[in-house]
Each structure stands twice: as C-alpha cells, then as structure tokens.
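Student: In the UniProt record's numbering, the protein residues as written are 1 to 159.
This is the structure, below, for whatever I ask next.
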C-alpha cells in the first residue's frame with residue numbers, strides 16, 4: 001500500500017540517485033549488453049565520460065550518435081530525473097495504484113503540476129500495456145508517443 005511509510009522509504013532507498021536508477025534501467029533494457037537504439041549495433045558502443053558529459057551517456061561509433069538508456073522511453077522527453085520517475089512507478093505500482101498527485105509531489109519533492117503530469121503519463125502507459133495484453137514488466141518503459149523510436153537491437157555475437 002502506498003500509504004505505508006516502509007513502502008515509501010523502500011522506494012526512496014531503492015532509487016536514491018540518478019546513477020542507481022540508470023544502472024537499474026540498463027540491467028532491465030540492456031540485459032544482453034548496451035545497444036544503440038538508432039542502428040541496433042552492439043560492438044562499437046562506448047561510454048562517454050567527462051566533466052560536461054551527462055551521467056549514463058553512451059556513443060555509437062557506427063552511426064556516431066550519443067544516447068542513453070532513457071532514449072525511446074516515456075522518461076526520455078522529461079526534465080524529471082530518472083530516479084524520481086522510478087520512485088513514482090514504484091509508489092503507484094506502475095500507474096495502476098491510485099495516489100493523489102499532491103501526495104506524490106510531497107514524497108518526490110516535485111511540484112503538484114509535475115506530479116500530476118507524471119501520473120498522467122504513467123496511467124497512459126499502464127493503459128497501453130493493458131490494451132496490448134503485455135505481461136512484460138518493461139511495458140512502462142516502452143516507446144512513448146512523444147518519442148516513437150524503440151529499441152531494435154541486433155542479437156549480440158556469441159563469444
């Protein structure tokens with residue numbers, strides 16, 4: 001139940017910062033290794049590091065485009081950090097558990113307007129999952145209407 005203080009603490013601890021959220025998403029979406037969402041290439045992908053580079057940014061050296069695990073998901077077109085999105089998904093059980101936007105905003109430390117927008121997007125993604133009869137837990141991270149580029153990765157070469 002979302003009113004349970006232990007449930008709230010668990011959600012906030014599970015995705016405490018952006019790095020832990022991105023690692024979690026990488027493990028779910030890239031179970032077979034990092035893959036470019038534009039060209040689907042696995043082999044020529046490198047992690048970008050630097051003072052001005054955003055955390056979790058990769059570059060495909062085949063198509064020469066930068067990307068992150070958020071590309072093509074409902075989180076990609078949002079200014080809200082990924083860890084707050086994952087906390088919201090956890091607290092609302094993927095948009096299926098009703099929670100007031102005011103309460104969600106207080107828990108996540110975001111404005112009411114932001115919390116309401118997040119809840120609408122989560123509910124619409126949950127509805128799309130139900131329409132598609134998807135049992136896949138990654139359904140909430142499926143391509144969003146704003147960003148219809150999904151992941152179509154080539155099968156990684158067997159070693």
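Beta carbons are placed, not taken as given, at the ideal position from N, Cα and C, and that holds for glycine.
Which of helix, strand or coil does DSSP assign to residue 19?
Tutor: Residue state, collapsed to three classes: helix.
Student: Looking at the secondary structure, which residues open and close the beta strand (DSSP E) in which residue 59 lies?
Tutor: Element bounds for residue 59: 58-60.
Student: Hey, is the region 66-74 in contact with the region 103-117, meaning 3+ C-beta pairs nearer than 8 Å?
Tutor: Touching, no.
Student: Between the C-alpha atoms of residue 41 and residue 103, what's the straight-line distance to the nearest angstrom?
Tutor: Cα to Cα, residue 41 sits roughly 42 Å from residue 103.
Student: Using 9 Å as the threshold, is the C-beta distance between residue 112 and residue 127 below it?
Tutor: No; because the gap between Cβ atoms is not below 9 Å, this pair is not in contact.
Student: To which residues of the same chain is residue 17 closer than 8 Å at the C-beta, ignoring the five residues directly before and after it?
Tutor: Same-chain partners within the cutoff: 83.
Student: So what does DSSP say about residue 44, is it helix, strand or coil?
Tutor: Of the three classes helix, strand and coil, the one that applies to residue 44 here is coil, per DSSP.
Student: For residue 137 and residue 59, I'd like the C-alpha separation in whole angstroms.
Tutor: Caution is warranted here: a pLDDT of 48 is assigned to residue 137, below 50, making its placement in the model unreliable, and no coordinate value can be reported.
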